[in-house]
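Chemist: This is the structure, below, for whatever I ask next.
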Amino acid sequence: MFTDNDRQITGIQAIQEALAEEMRRDPNVVVFGEGIGERGGCFGQTKGLWNECGPERLIDTPISELAFTGMGIGASMAGLRPVIDLMYIEFMMDAAGQVVHQAAKVRYMSGGQFHCPLVLVAAIGRYNNAGPHHSGCYYPMFMHVPGLIVVVPSSARDLKGLLKSSIRSDDPVLFLEHKSLFSKKMAVPEGEFLTPLGQANVCRVGTDASIVAIGQMVEYSLAAATSLAKNGIEVEVIDPRTLVPLDEETVVRSVQKTRRLLVIDEAHETCNAAAEIATRVIEKAFDYLDAPIVRLSGAKVHVPYAPPMEQFVAPSPERIEQTVKELVA
Amino acid sequence: MFTDNDRQITGIQAIQEALAEEMRRDPNVVVFGEGIGERGGCFGQTKGLWNECGPERLIDTPISELAFTGMGIGASMAGLRPVIDLMYIEFMMDAAGQVVHQAAKVRYMSGGQFHCPLVLVAAIGRYNNAGPHHSGCYYPMFMHVPGLIVVVPSSARDLKGLLKSSIRSDDPVLFLEHKSLFSKKMAVPEGEFLTPLGQANVCRVGTDASIVAIGQMVEYSLAAATSLAKNGIEVEVIDPRTLVPLDEETVVRSVQKTRRLLVIDEAHETCNAAAEIATRVIEKAFDYLDAPIVRLSGAKVHVPYAPPMEQFVAPSPERIEQTVKELVA
Amino acid sequence: MKRKKAQDKTRGERAEAGCEVDEDRALDFYRSMARVRKFEEAAAQYVREGSIPGFIHAYIGEEAVAVGVCGALEPGDYVTSTHRGHGHALSRGLSMKSVMAELWGKRDGTNLGRGGSMHIFDASRHFLGTNGIVAGGVPLAAGAAFAIRYKKTGQIAVSFVGDGGTNHGAFLETLNIAAAFDLPLVIVVENNLYATSTPYACVTKTQDIALRGTAVGMAAETVDGNDVEEVHATARKAVARARGGSRPSLLVCQTYRTVGHYEGEPVAGTYRTWEEVEAWKQKDPIINYKKRLIERYGATIAEQLDRIDEEAGQEVASAVEFSRNAPFCAPVEATEHVYG
Amino acid sequence: MKRKKAQDKTRGERAEAGCEVDEDRALDFYRSMARVRKFEEAAAQYVREGSIPGFIHAYIGEEAVAVGVCGALEPGDYVTSTHRGHGHALSRGLSMKSVMAELWGKRDGTNLGRGGSMHIFDASRHFLGTNGIVAGGVPLAAGAAFAIRYKKTGQIAVSFVGDGGTNHGAFLETLNIAAAFDLPLVIVVENNLYATSTPYACVTKTQDIALRGTAVGMAAETVDGNDVEEVHATARKAVARARGGSRPSLLVCQTYRTVGHYEGEPVAGTYRTWEEVEAWKQKDPIINYKKRLIERYGATIAEQLDRIDEEAGQEVASAVEFSRNAPFCAPVEATEHVYG
Ligand SMILES: Cc1ncc(C[n+]2csc(CCOP(=O)(O)OP(=O)(O)O)c2C)c(N)n1
Ligand SMILES: Cc1ncc(C[n+]2csc(CCOP(=O)(O)OP(=O)(O)O)c2C)c(N)n1
Ligand SMILES: [Mg+2]
Ligand SMILES: [Mg+2]
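Protein chains in written order, with numbering that gives the first Met the number 0: chain A, 0 to 328; chain B, 0 to 328; chain C, 0 to 339; chain D, 0 to 339.
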């Protein structure tokens, strides 16, 4: 689809481009968040937009997550398309009342009279010892809530293409950016492109087992897959990209082919995305399975600070590789 | 264990008894909540305590869920055992920041120096057309968070026995009461008893299929089971009672016997408790299964107001019966 | 501005304060209040009877607030409401039939019977919903106000909230933002002294809610919420501030519900004394307004007012008839209007 | 009380205002501030160097607040802190070695290296944690205050929070509750004019934070947060109100961080001008206190102060040495101390 000599840009640059293009395209797109104005955001996500968009469209908020998220919702009901930057997903907890009871419900409750075209952006995941208040994933909590679209990109290309699609969505989107992508350079085509919501990406084709991996786990799985290939084990690696709606079909088709499934999710194990994906496969493709579905998840503990412990609580490429070996044995 | 001629009391009376007994036993138990003082709570849950406990221990709060939940957490760190009444689980969303980042994390982050012995009480579930802001379950969102115990009783007896155990727990407990239990009379033994956390209840023994059902779904499943028995189908009905920690062993043992599993959860389907239970069984007992695990869940929509639509969005005894018939066919 | 009771003012003082309106307007106010009152009485009755499912929070005793404030608005202005919102909906011109049918859960309801009393929406009236979450509508209104200013449409936004709601973060945070961002917003506090059973005085140290506006630099006034003309006059100033200068206001209306918190709750005898309720019934916004208009315009107007009462009663009766006979949505329609 | 700059006061005025302390106390204050400063300088250096993992928010420039307030407390009093909390931890008597080791993520840290900079707990010091959630500690302190009063133990609770935190519901809701419930609580606002890059003045209409306390009926004062004696004197009054009469206070301390928001952020040139930073460096709480003490007690004290500086530096160096060499917990220990 894209050529090999795509230019390399960082995840943050990909986000900047998506925002810039969409804000140029549609004057109704505005951004709310702490420090997203002239400063360019806590991660640099709005850098470079200030000259063009200014304080009218890049609204620096006080530390009032509940209120400014609710404002974004109200603004979306009144015709804007706000991007609400919550910085870390942890801070979305303080806005949960507005997210769950207003954003997710308005279209449903009003019988389709009102829509909430807004994007809630937040950073997720373990990264460089940020400690237990800045390292969580938590998307499973919001996947549970009907009416919310949940997007977890795993590459700079998808950060761009999916953010653009999210901004154009008429339903509220949680757009969750794994911190490990921010400063990494990756291939992203020049010019405008959209990545559709609800469409998984088969990152690597294989025959011996299927891996469904989310966020940074895609990178880890691809590393494991490369190493496994040297042992003659060919795994298919699927990145769902949007967790709600989930591209079940691609997953099921892969399992029908490989007959073995490993689901890898950095989020804490209980009721996580991996549980949902596993259950859907049981519901849809049980008879194809030659072995129990295996789930590798973030531990059922918070993310601790000290490097050795922090590393321990999420799946690693090595653990993925080992697990596949056992699965195909 | 208990005699047949147990007295019959309502779910609310069971809760009142549990609170009264625990408050008598331990002066550190206090209750925070809106209207839980002299008025006795929005559902009558603290009725009868006022004379004995008064305003010192029954603290009527302003509508400041975030602050009074946080206060309960701070009070628990300083030696009290607060019961925090959030009325409807919906309102816990406004306290989510404190629940997820403080209550659930304090013991972990502090390396065990501080504990949060507190109980967050809230009513859950569809009941009498309360509409989309007063009918949710949402426990799966909190099951995902390490450090929180999640309890969903399905009878007056368990309301009492589990609430008492929850108050004695040194970790934070979400104690979620299905509204359908409040005014129903059910057998509850006289005098003091505790129901242990983490122990499922096998409500009905059977051989042809296992049902794991949560909250009101237990009643529905037992009704379906009675009807199925007339057709010679004997289902085992298991009520996990505590969703975290989950009594996996009882579920797995049952599946090993019946080889068929139906999980029934009123909560919205995606990432719900049923998905977690199904996944655990896949992980632990895949080879025993003679058929795909089936999950019946609340629809992936909010709970609408109009009676016909409200009924539609949750599993019914009829649907359960039908599903079992298909499962054992 | 310290609250001054309506009955303390002479007619001259009222005119001077810009409160007094002309006769047509007065009749409009009276009609609007009567319609809300009759609607609530009927709704309560059908809840008791069980033909309206779910529960409702009646607005009886507080009608002057919704009518006075909404009378100051233009059709395009946005409004967010509360769990006690039928009065706001009707005062904003939503069809009485559709609101009633929503309470009955019928397809002809404002939003297909999917929401009921606490979730009444009407896009055509820019009515952003009654709300089951206390203070949940306040940030929404601020957002609408932001959108308006951004698009320079000249509209404004109004948010109703209860005294209980003023202790919630959604209100408190938004209050600061509205002031800081110069939003064209009017936040109307309906201070009926209680949040469910909890007296405002038991969960606050000072009861002067307007101070909270002042503290964040917002214009704030307190008025007799049972005096429709005083509410209206003050609301007009606040609306002008919002529309003309994009300056927000906090308008605290002192009022009282002379019914239970929800239909079915005892009116008094538990957390409120009968004496207190009776004293407030003496300040009934509708009865007193009727008296005042008769004083002002003479006995001839009495007949008109009686006719208005009667017409309101008839309108409500026909809304009930309509709602009772309207169909429900099919069960499976529950799956519509949601993504994913 | 309107803020009056320390340098505006004569010595007589200071004594009269009850600000001036005796020489021993003054040396204690100076020592405490110097320890925090040296600690922060070292921590920042080792973050830059990469040997401390994670990130830190240094307290440099604000030391007088923590030292002045904590100097007014008894050992049993509870304290909640912020993301910028090393100064609070040290001023509450937590072991410097343990705090430093926590930053290094080591087993000998206050809490086993599980938390790091934003999650420092010490039960033995009633220190309820630095906190990664802005305003997250404020309700916790109110809860501790509630427990104290309930158990009649005579302790009090103190909560530190930034100016940015005062716009968060957790702060705003708690402020009202503390006043309504007469909690033995002191809420200390560290108004350093910015929340990350956002000037307080850009997200508020009025910048007088104390008004928010007044609006809910709480005693509220604003002081020069760079003057340790003024902070201390006012904190003592607030502590007395809490301990004696179970009355809460809001204490707003005007101060400034003369470093970046987090270590690694440019000190100035982006959202703050170099002039502004330089002007505040002129008001440095430690340098100026040193000057003042020399003025007050004569040149003889200079030597003592220099020795204090030196000792503080040595203490920090040995804490660094200790931390660097301390072991990590084993990876699998990550699974401990959590239920379920
Ligand atoms: C966030 C939240 N907390 C609690 C409730 C439950 N509740 C519904 S109405 C009400 C009282 C509201 O009081 P007030 O704001 O004064 O409005 P009033 O009922 O007096 O009109 C409460 C506590 C709710 N709906 N939402
Ligand atoms: C609820 C929440 N929102 C946002 C953040 C991100 N954040 C960390 S520090 C900070 C600024 C805090 O400003 P202030 O309270 O003034 O404290 P200061 O850093 O100035 O000491 C922000 C926004 C957070 N940690 N918690
Ligand atoms: Mg009220
Ligand atoms: Mg600050």
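Positions of the beta carbon are idealized from the N, C-alpha and C atoms, including for glycine.
#1: Looking at chain B, which residues of the segment 159-187 of chain C have a Cβ within less than 7 Å of any of its Cβ atoms?
#2: Below 8 Å on the Cβ atoms is my contact criterion, and I expect D:I51 with D:L102 to pass it. Report the Cβ-Cβ distance as a whole number of Å.
#3: Between C:S97 and C:H85, what straight-line distance do the alpha-carbon atoms span, to the nearest angstrom?
#4: Cβ of C:Y288 within 7 Å of any heavy atom in ligand 4?
#5: Of all Cβ atoms in chain A, is any one closer than 8 Å to the Cβ of C:A140?
#6: Kindly confirm or deny that the segment 86-95 of chain B and the segment 91-102 of chain A touch, where touching means at least three C-beta pairs closer than 8 Å.
#7: Quick one, what's near ligand 4 if you take every residue whose CB is closer than 6 Å to any heavy atom, in chain order?
#8: Spatial neighbours of D:D308 within its chain, please: C-beta separation below 7 Å, excluding the five flanking residues on both sides.
#9: Where does A:M185 fall in DSSP's three states?
#10: Check for me: the beta strand (DSSP E) holding D:G350 runs from which residue to which?
#11: Show which residues of chain A have a CB atom less than 9 Å away from the CB atom of B:Y107.
#12: Using a Cβ cut-off of 8 Å (strictly closer), state whether B:I14 contacts chain A.
#13: Since I believe D:S94 is in contact with D:G53 (beta carbons under 8 Å), could you give me their beta-carbon distance rounded to a whole number of angstroms?
#14: So who's on the other strand from A:S209, going by DSSP bridges?
#15: I want to check one thing, is the minimum distance from the CB of B:D93 to the heavy atoms of ligand 2 below 7 Å?
#16: Does the beta carbon of D:R242 fall short of 7 Å from some heavy atom of ligand 2?
#17: For C:T109, does the count of other Cβ atoms within 10 angstroms reach 16, so buried, or fall short, so exposed?
#18: Return yes when the C-beta of B:E64 is under 7 Å from any heavy atom of ligand 2, and no when it is not.
#19: What are the boundary residues of the beta strand (DSSP E) that includes A:H177?
#20: Given a cut-off of 8 Å on the beta-carbon distance, is the pair C:A239 and C:K37 in contact?
#21: Can you find a heavy atom of ligand 1 that lies under 7 Å from the Cβ of C:H82?
#22: I'd like to know if D:R113 contacts chain A, where contact means its C-beta is closer than 8 Å to some C-beta of that chain.
#23: Around the C-beta of C:A5, are 16 or more other C-beta atoms found within 10 angstroms, so that it is buried, or is it exposed?
#24: Confirm, please, whether the CB-CB distance from A:R294 to A:G273 is below 8 Å.
#25: For C:A17, which residues in the same chain have their Cβ closer than 6 Å to its Cβ, ignoring the five residues on either side in sequence?
#26: Go through the segment 73-105 of chain D residue by residue and report every complete run of the beta strand (DSSP E) that reaches 3 residues or more, in order.
#27: Can you tell which of A:P316, A:S153, A:P306 and A:I319 has the C-alpha that lies nearest to the C-alpha of D:V331?
#28: Kindly examine ligand 2 and report whether one of its heavy atoms sits closer than 7 Å to the Cβ of D:E262.
#29: What three-state label does DSSP hand D:I300 in the structure shown?
#30: Quick one: is the Cβ of A:M86 within less than 7 Å of any heavy atom of ligand 2?
#31: In the DSSP assignment, find the beta strand (DSSP E) that holds B:R125 and state where it starts and stops.
#32: Thinking C-alpha only, which one of C:D23, C:A41 and C:F28 is nearest C:Q313?
#33: Excluding the 5 residues flanking D:K3 on each side, which residues of the same chain have their C-beta closer than 8 Å to its C-beta?
#34: I'd like to check one pair, A:V250 with A:I232: are the Cβ atoms closer than 8 Å?
#35: Tell me, please, whether the CB atom of C:E332 is closer than 8 Å to any CB atom in chain B?
#36: At a threshold of 7 Å, does B:G39 count as lining ligand 6 (C-beta to nearest heavy atom)?
Modeler: For this structure:
#1: Per Cβ criterion, the list reads G163, G164, N166, H167 and G168.
#2: Residue numbering aside, residue 51 of chain D sits at position 52 when the fourth sequence is read from its first letter. Residue numbering aside, residue 102 of chain D sits at position 103 when the fourth sequence is read from its first letter. At roughly 5 Å, the Cβ-Cβ gap stays under 8 Å, so D:I51 and D:L102 are in contact.
#3: The residue given as residue 97 of chain C occupies position 98 in the third sequence. The residue given as residue 85 of chain C occupies position 86 in the third sequence. Linking C:S97 to C:H85 through their CA atoms gives a straight-line distance of about 11 Å.
#4: Sequence index remark: in the third sequence, residue 288 of chain C carries index 289 (1-based). In terms of side-chain proximity, the C-beta atom of C:Y288 is found no nearer than 7 Å to any non-hydrogen atom of ligand 4.
#5: As a working note, residue 140 of chain C is residue 141 in the third sequence. Answer yes: the Cβ-Cβ gap between C:A140 and chain A drops below 8 Å somewhere.
#6: Yes, the segment 86-95 of chain B is in contact with the segment 91-102 of chain A.
#7: Answer in sequence order: D:G161, D:D162, D:G163, D:N191, D:Y193 and D:A194.
#8: Residue numbering aside, residue 308 of chain D sits at position 309 when the fourth sequence is read from its first letter. Excluding residues up to 5 positions away in sequence, A33 lie with their Cβ nearer than 7 Å to the Cβ of D:D308 in the same chain.
#9: Residue mapping note: residue 185 of chain A aligns to position 186 of the first sequence, counting from 1. Looking at A:M185 - three-state DSSP - the assignment turns out to be strand.
#10: Residue 350 of chain D cannot be examined here, being either before or after the span of chain D that is shown, 0 to 339.
#11: Here residue 107 of chain B is taken as the residue at index 108 of the second sequence, counted from 1. Neighbours of B:Y107 on chain A, chain order: P131, V300, H301 and P303.
#12: Locating residue 14 of chain B in the second sequence gives position 15, counting from the first residue. Under the Cβ criterion of 8 Å, B:I14 is not counted among the residues facing chain A.
#13: Working through the fourth sequence from its first residue, we reach residue 53 of chain D at position 54. Working through the fourth sequence from its first residue, we reach residue 94 of chain D at position 95. Rounded to the nearest angstrom, the Cβ distance from D:G53 to D:S94 is 20 Å, too far for a contact under 8 Å.
#14: On the first sequence, position 210 is the one that residue 209 of chain A refers to. According to DSSP, A:S209 bridges with A:E235 and A:L260.
#15: Within the second sequence, residue 93 of chain B is the residue found at index 94, counting from 1. B:D93: no, Cβ never under 7 Å from ligand 2.
#16: The count along the fourth sequence starts at 1 and reaches residue 242 of chain D at position 243. No, ligand 2 has no heavy atom inside 7 Å of this Cβ.
#17: Along the third sequence, read from residue 1 onward, the residue named residue 109 of chain C stands at position 110. Burial call: buried.
#18: Reading the second sequence from its first residue, position 65 is the one you call residue 64 of chain B. No, the beta carbon of B:E64 sits no closer than 7 Å to any heavy atom of ligand 2.
#19: Working through the first sequence from its first residue, we reach residue 177 of chain A at position 178. Start and end: V172 to H177.
#20: Translated into the one-based positions of the third sequence, residue 239 of chain C becomes position 240. Translated into the one-based positions of the third sequence, residue 37 of chain C becomes position 38. No, these two residues do not count as a Cβ contact at 8 Å.
#21: To locate residue 82 of chain C, count along the third sequence from 1; it is residue 83. With a cut-off of 7 Å, the C-beta of C:H82 is classified as near ligand 1, since at least one heavy atom of the ligand falls inside that distance.
#22: Counting from one through the fourth sequence, the residue named residue 113 of chain D turns up at place 114. At least one chain A Cβ lies under 8 Å of D:R113.
#23: The residue you call residue 5 of chain C lines up with position 6 of the third sequence. Note that C:A5 has pLDDT 44, beneath the 50 cutoff, so the model's placement of it is unreliable and no number is given.
#24: For this step, residue 273 of chain A is matched to residue 274 along the first sequence. For this step, residue 294 of chain A is matched to residue 295 along the first sequence. Per the sequence shown, the amino acid found at residue 273 of chain A is Ala instead of Gly. Contact: yes.
#25: As a position in the third sequence, residue 17 of chain C is number 18, starting the count at 1. Correcting the residue type first, residue 17 of chain C is Gly in the shown sequence and not Ala. Excluding the 5 residues flanking it on each side, C:G17 has same chain C-beta neighbours closer than 6 Å at A232, in chain order.
#26: Inside the segment 73-105 of chain D, DSSP marks whole beta strand (DSSP E) runs of 3 or more residues at positions 77-79, from first to last along the chain.
#27: The count along the fourth sequence starts at 1 and reaches residue 331 of chain D at position 332. The residue with the shortest Cα to Cα distance from D:V331 is A:P306.
#28: Walking along the fourth sequence from the start, residue 262 of chain D turns up at place 263. The answer is no for D:E262.
#29: Residue 300 of chain D sits at position 301 when you count from the first residue of the fourth sequence. When DSSP states are grouped into helix, strand and coil, D:I300 belongs to the helix group.
#30: In the first sequence, counting from the first residue as 1, residue 86 of chain A sits at position 87. A:M86 Cβ: within cutoff of ligand 2.
#31: Here residue 125 of chain B is taken as the residue at index 126 of the second sequence, counted from 1. Unbroken run through B:R125: none, as it is neither H nor E.
#32: To locate residue 313 of chain C, count along the third sequence from 1; it is residue 314. Comparing Cα-Cα distances from C:Q313 to each of C:D23, C:A41 and C:F28, the minimum goes to C:A41.
#33: Counting from one through the fourth sequence, the residue named residue 3 of chain D turns up at place 4. For D:K3, the pLDDT reaches just 43, beneath the cut-off of 50, and the residue's location in the model is therefore unreliable, leaving the point undetermined.
#34: As a position in the first sequence, residue 232 of chain A is number 233, starting the count at 1. As a position in the first sequence, residue 250 of chain A is number 251, starting the count at 1. No, these two residues do not count as a Cβ contact at 8 Å.
#35: Here residue 332 of chain C is taken as the residue at index 333 of the third sequence, counted from 1. With 8 Å as the cut-off, C:E332 counts as an interface residue toward chain B.
#36: Ligand 6 is absent from the structure shown, which contains only ligand 1, ligand 2, ligand 3 and ligand 4.
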